[in-house]
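There are 2 protein chains.
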Amino acid sequence: METITLAIVEDDPVVRESLQTFFGGNPQFEVLTVASSVETFLQKLDAEAQPLPEILLLDIQLPGMSGIEGIPGIRERLPDANIIMLTTFEDSEKIFAALCAGACSYLTKQTSLLKIREAVLNVSRGGSYMSPSIARKVVEYFSPKPKKQANTTLTDRQMDIVQGIVDGLSYKMIAARLDISIDTVRSHIMHIYRALNINSKGELIKRVVNGEL
Amino acid sequence: METITLAIVEDDPVVRESLQTFFGGNPQFEVLTVASSVETFLQKLDAEAQPLPEILLLDIQLPGMSGIEGIPGIRERLPDANIIMLTTFEDSEKIFAALCAGACSYLTKQTSLLKIREAVLNVSRGGSYMSPSIARKVVEYFSPKPKKQANTTLTDRQMDIVQGIVDGLSYKMIAARLDISIDTVRSHIMHIYRALNINSKGELIKRVVNGEL
DNA sequence: TATACACTAACATCAAAATGTGATACCTCC
DNA sequence: GGAGGTATCACATTTTGATGTTAGTGTATA
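Sequence order for the protein chains is A and B.
Per this note's numbering, the first sequence starts with residue 1, numbered consecutively.
Per this note's numbering, the second sequence starts with residue 1001, numbered consecutively.
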């Protein structure tokens, strides 16, 4: 089995050393770099011309730049590394900020070393692992939304018109596409605007693109 | 420890009975209903006025209605149940369809019974668990997109104008909001359109809402 | 310092959109 | 069979949007 190379960025010395000892003492892993902030981590990467880690364990609450803020910079230097967040924060905002920045796994600090090891292995194999509470928040992101207000139902024909507008067509082009007169298009649009309580193409497009229709 | 009530919907008799035996033989769990299709599952729920399961293990490939198609109907009768998908499919389309329908966990069928048990426990505690390969696809949904083409950078002032348009304001209203003349607004918009190679508010709004700016 | 560029603004023009009224025709539902 | 809704179209008006040119002012950078 190949060894998995790691880096650890964590400011709490207790946690940091615990991780270092745990992974350092396991021949399956090799801890290449340990730092207590994003800034020092990047410096160390520059200084030592060492092999690059495959996986990075990254805290969020750090002196200086936060872990999340640091992700873009880290990914620039380590484009192939997988980033595992390891943090006490469980609020959706931070979770999604981290994932959107490019983290591929997110663990709470209560996670046992064994589970962290499992996460590292999974990530190394191209998978991922998230703490249960985090995973729940992530799946809930997808679950049926509370319906962004009454889907003021438009008729089929009205939806044809809406589609034309969203496609960037002028009234004239919509008329041609649907083979009706431009005045009919105007009439439809007036009714649509009234039904939705709007008064410009812009608002209509926003609603559609936001999935509110 | 409270017993966790389960239902199983799975057409493959081997898998079904294996699950039934495993969970049935563990006093921590109670298997209330077992069915081989969504239709028969719902019938059984109606027929037997039994306690409702907290957690449902649901296959996707089923005779008749697919597991995913069945989720909305199931959630109507079991609004409080947590649905764990258990399936061979690993394509993003099915994963996201299931999650969007309201599933709260997604396991591949290779998952060991012990891991399935872990998933059930996690879900029962209000968390979630996904197979590593599934979890990876889910986090990748969030990860930085391949940058939908050059982020043609607009200036701060231009972004102010864009914001106004996206907010559904007319040129006149934007001018008032930014305390500049309407001609200046026009001038900015002309430059913005040129920079982005577009020629209408509609296209601009579409780009912004799609996060291409 | 000279060049480039962002922001501001006025003036102008044509195309398009927003809004209104009125009218015919076709459904469906009571 | 009449009431109400949808779809169709015409005609008309006002407002907005899209595009262009020109130009003064400030700032940053080569």
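By construction, the Cβ of each residue, glycine as well, lies at the ideal position given by its N, Cα and C atoms.
Contact annotation, B/ILE1083 with B/ILE1071: C-beta distance approximately 6 Å; criterion of less than 8 Å satisfied. The residue from B/GLN1158, B/GLU1017 and B/GLN1043 with its alpha-carbon nearest to that of B/LEU1078 is B/GLN1043.
Only ILE1165, VAL1166, GLY1168 and SER1170 from the stretch 1155 to 1188 of chain B bring a Cβ to less than 8 Å from some Cβ of chain A. Cβ neighbours of B/PHE1023 within its own chain (closer than 6 Å, five residues either side excluded): LEU1006, PHE1029 and VAL1031. With 16 or more neighbouring CB atoms inside 10 Å of its own CB, A/ASP59 falls in the buried class. If you look at A/ASN122, you'll find it in the alpha helix (DSSP H) that goes 113 to 124. B/ASN1122 counts as buried, since no fewer than 16 other beta carbons sit within 10 angstroms of its beta carbon. Residue-level contact check: A/VAL31 does not touch chain B, since none of the beta carbons of chain B fall below 8 Å from its beta carbon. Residue pairing by DSSP places A/MET85 opposite A/LEU58 and A/TYR106 in a beta bridge. Under a criterion of Cβ atoms nearer than 8 Å, the residues of chain A adjacent to B/LEU1099 are, in order, VAL139, PHE142 and SER143. Secondary structure of A/LEU32 (DSSP, three-state): strand. Look at B/MET1130 here: in three-state DSSP terms it is strand.
Check the Cα spacing between A/PHE89 and each of A/MET173, A/TYR171, A/LYS109 and A/ILE182: the tightest is with A/LYS109. The C-beta distance from A/ILE205 to A/ILE165 rounds to 7 Å, short enough to meet the 8 Å contact threshold. Bounds of the alpha helix (DSSP H) holding A/ILE74 are 67 to 77. Under a 10 Å Cβ-count criterion, A/SER105 is classified as buried, with 16 or more other Cβ atoms of the shown protein chains found around its own Cβ. Contact of B/ILE1074 with chain A is not assigned, every C-beta pair being separated by 8 Å or more. B/PRO1079 has a beta carbon lying at 8 Å or more from every beta carbon in chain A. For the set B/MET1130, B/LEU1113 and B/ILE1116, the Cα lying nearest the Cα of B/PHE1096 is the one of B/MET1130. For the stretch 1171 to 1195 of chain B, the continuous alpha helix (DSSP H) assignments of 4+ residues that do not extend past its boundaries occur at 1171 to 1178, in sequence order. Pairing B/GLY1211 with B/GLU1017, the inter-Cα distance amounts to about 48 Å. Straight through space, the alpha carbons of A/GLY126 and A/ASP80 are spaced by roughly 12 Å. Inter-residue distance for B/LEU1107 and B/ILE1180 is about 57 Å (C-alpha atoms, whole angstroms).
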